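Enquirer:
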Amino acid sequence: MNKKRKMASAEASAHGGDVDADAQKTCDTPCCQTITLFMPRAVVWNPWAKMAAKLEDLDVNEYMHMLCVEPGHVVQPVLLEPSQHFRAACTFTACDG
60 MNKKRKMASA
70 EASAHGGDVD
80 ADAQKTCDTP
90 CCQTITLFMP
100 RAVVWNPWAK
110 MAAKLEDLDV
120 NEYMHMLCVE
130 PGHVVQPVLL
140 EPSQHFRAAC
150 TFTACDG
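Adding 59 to a residue's 1-based position in the sequence shown gives its number in my numbering.
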């Protein structure tokens, strides 16, 4: 699958196709959804029509109303030695706006 890569920006939400966005900073102003990441980056993606058609748990047009947000160490992975540990967290809050 060919994917366009974009940095998260206002136009990324109106992409019109399958896109992964590497978000380095979330919105500074209040919005309907709050996402708090305790990680340096997040991959934000949408399967769009072709890929969504293959997902059994997604209705025909539901892809137009969803985003997947995957926080993580996208650019520089965390390498652990035996018996070391790593803790990660994120918070998603949906509000009525």
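C-beta atoms are modelled at their ideal positions from N, C-alpha and C, and glycine is treated no differently.
In this text, all values refer to a predicted model and were calculated from it rather than measured experimentally.
Give me the residue from A147, A111, V137 and G131 with the minimum Cα distance to M125.
Expert: Answer by Cα proximity: A111.
Enquirer: Below 8 Å, can you find three or more Cβ-Cβ pairs linking the segment 126 to 136 to the segment 93 to 105?
Expert: Yes: the two stretches touch, three or more of their Cβ pairs being nearer than 8 Å.
Enquirer: Give me the Cα-Cα distance between Q135 and F97, rounded to the nearest whole angstrom.
Expert: Taking the straight line from one Cα to the other gives about 15 Å.
Enquirer: Excluding the five sequence neighbours on either side, which residues of its own chain have a C-beta within less than 7 Å of the C-beta of T150, listed in chain order?
Expert: T95.
Enquirer: From this set, Q143, A153, A108 and D116, which residue's C-alpha is nearest M123's C-alpha?
Expert: M123 has its Cα closest to that of A108, out of Q143, A153, A108 and D116.
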